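S.K.: Handing you this structure, nothing more for now.
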DNA sequence: ACTATTTGGTTTGATGTCAAACTAAATGGG
DNA sequence: CCCATTTAGTTTGACATCAAACCAAATAGT
């Protein structure tokens with residue numbers, strides 16, 4: 018297998034696993050929540066809230082237009098609260114509401130339960146050992162695309 | 018890091034790498050071709066043509082409805098040709114046209130060129146060594162979702 | 001200070017994807 | 001043989017996502 022083929026194969030496999038895992042999430046998240054919403058809630062929880070939409074978009078690797086949409090959905094459900102930034106009239110700040118925190122916990126519970134059977138099939142060490150590779154690949158790809166710089 | 022966190026982290030990383038690589042493809046594929054179209058052309062080339070839409074959908078891990086759409090785009094561009102199956106009135110057979118083969122080569126060229134700089138940053142052995150893990154994970158996830166059975 | 005550029009966010013239009021309902025053909029049990 | 005079930009594909013309606021055009025606020029260069 019030459020280098021190009023290896024790379025194609027690698028990314029093809031990544032793409033399929035990603036699709037399957039996202040489909041898994043979408044099937045098991047409560048109340049029609051989409052995996053992108055779940056990821057956003059988790060991000061807000063992890064980094065502490067008050068991030069700007071653009072920062073979140075960069076962290077999630079989606080465009081700011083997409084984030085506008087995602088946040089409007091979350092806001093409509095009252096899982097986040099969006100306030101204008103007194104320091105900068107252009108930007109906004111996003112906060113998890115108590116409902117948002119509760120919902121996140123509930124979602125994690127559901128997913129974890131649903132995952133229980135399948136999780137036991139994974140080799141923990143195997144996943145762990147490929148994490149650094151994934152992170153390196155992510156960094157490289159992220160640096161490559163000059164626009165929309167890295168976040169998180 | 019407990020097991021659940023590890024798994025979440027793993028799939029999160031997979032998701033981001035997948036999104037970045039797909040975005041990369043979408044940016045560099047010629048003529049507005051989408052990565053899913055590219056993947057479908059490649060699949061047809063690899064398995065030899067004459068597959069049914071459903072078989073392709075399973076291999077690509079998308080629903081048959083999605084495949085109907087993808088194939089109609091490819092057919093409109095005359096990159097594939099779709100004929101009815103004389104053996105089975107319900108199903109169809111998909112063939113790469115000469116234009117489709119040519120287009121695939123062109124696309125591979127473009128992508129490979131675009132990838133040249135970034136590809137040199139990857140550690141070939143590293144990618145190679147994580148491939149089996151990805152394939153195992155894929156198999157597990159694929160088996161889990163009882164509907165829409167595995168292909169390829 | 002004033003204009004030009006950059007930056008954060010929204011809007012618009014297009015597209016890919018999915019789930020669910022539907023159609024038509026094949027298969028199977030009586 | 002006939003009806004019930006399964007199977008392949010399409011249609012419909014919803015939604016996530018993107019690129020490009022747009023607006024408004026901040027910043028910079030002169």
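Protein chains in written order, with the numbering used here: chain R, 18 to 169; chain W, 18 to 169. We treat Cβ as the ideally placed atom computed from N, Cα and C, and that holds for glycine. All values reported here derive from a predicted model rather than from experimental measurement.
#1: If you reduce the DSSP assignment to three classes, tell me which class residue 100 of chain W lands in.
#2: Taking 7 angstroms as the CB-CB limit, is residue 157 of chain R close to chain W?
#3: Helix, strand or coil for residue 50 of chain R, going by three-state DSSP, please let me know.
#4: Considering only the beta carbon of each residue, do residue 124 of chain R and residue 24 of chain W sit closer than 7 angstroms?
#5: Within 8 angstroms, do at least three Cβ pairs link the stretch 148-162 of chain R to the stretch 30-40 of chain W?
#6: Taking its Cβ as the centre, do 16 or more other Cβ atoms sit within 10 Å of residue 53 of chain W, making it buried, or is it exposed?
#7: Kindly confirm or deny that the stretch 126-134 of chain R and the stretch 137-154 of chain W touch, where touching means at least three C-beta pairs closer than 8 angstroms.
#8: Strictly below 8 angstroms CB to CB, what residues from chain W border residue 143 of chain R?
#9: Note down, in chain order, every chain W residue with its Cβ under 7 angstroms from the Cβ of residue 138 of chain R.
#10: Indicate whether the contact test is met: 3 or more Cβ pairs, each with one atom in the stretch 110-126 of chain W and one in the stretch 87-97 of chain W, closer than 8 angstroms.
#11: Give a yes or no on whether the minimum CB-CB distance between residue 73 of chain W and chain R is below 7 angstroms.
#12: With a floor of 4 residues, list each alpha helix (DSSP H) that falls wholly inside the stretch 115-163 of chain W, ordered by position along the chain.
#13: Can you give the beta carbon distance from residue 76 of chain W to residue 60 of chain W, rounded, assuming they're within the 8 angstroms contact cut?
#14: By a C-beta neighbour count over all protein chains shown, 10 Å radius and 16 as the cutoff for buried, is residue 89 of chain W buried or exposed?
#15: Which of the three DSSP states, helix, strand or coil, is assigned to residue 111 of chain R?
#16: Nearest by alpha-carbon distance to residue 46 of chain R: which of R/91, R/129 and R/85 is it?
#17: If I'm right that residue 108 of chain W touches residue 69 of chain W with Cβ under 8 angstroms, what's the distance once you round it to whole angstroms?
#18: Chain W beta carbons: is any one of them nearer than 7 angstroms to that of residue 19 of chain R?
#19: Kindly identify the DSSP beta-bridge partner or partners of residue 68 of chain W.
#20: Can you pull the chain R residues whose beta carbon is under 7 angstroms from the beta carbon of residue 23 of chain W, in chain order?
#21: How close, in whole Å, do the beta carbons of residue 87 of chain R and residue 114 of chain R come, if the pair is a contact with beta carbons under 8 angstroms?
#22: Which residues bound the alpha helix (DSSP H) around residue 95 of chain R?
M.R.: A quick look at the data gives this:
#1: strand
#2: yes
#3: Residue 50 of chain R falls in the coil class under three-state DSSP.
#4: no
#5: yes
#6: Around the beta-carbon of residue 53 of chain W, 16 or more other beta-carbon atoms lie within 10 Å, marking it buried.
#7: no
#8: 150 and 153
#9: 157
#10: yes
#11: no
#12: Correct list: 115-136 and 141-161.
#13: Yes, they are in contact, since the Cβ atoms of residue 76 of chain W and residue 60 of chain W sit about 6 angstroms apart, within 8 angstroms.
#14: exposed
#15: strand
#16: That would be R/129, whose Cα lies nearest to the Cα of residue 46 of chain R.
#17: 5 angstroms
#18: So, not an interface residue.
#19: Residue 68 of chain W is bridged to W/111.
#20: 141, 144 and 145
#21: Not quite, the Cβ-Cβ distance comes to about 15 angstroms (not below 8 angstroms), so this is no contact.
#22: Where residue 95 of chain R is concerned, there is no enclosing alpha helix (DSSP H), given that its DSSP letter is neither H nor E.
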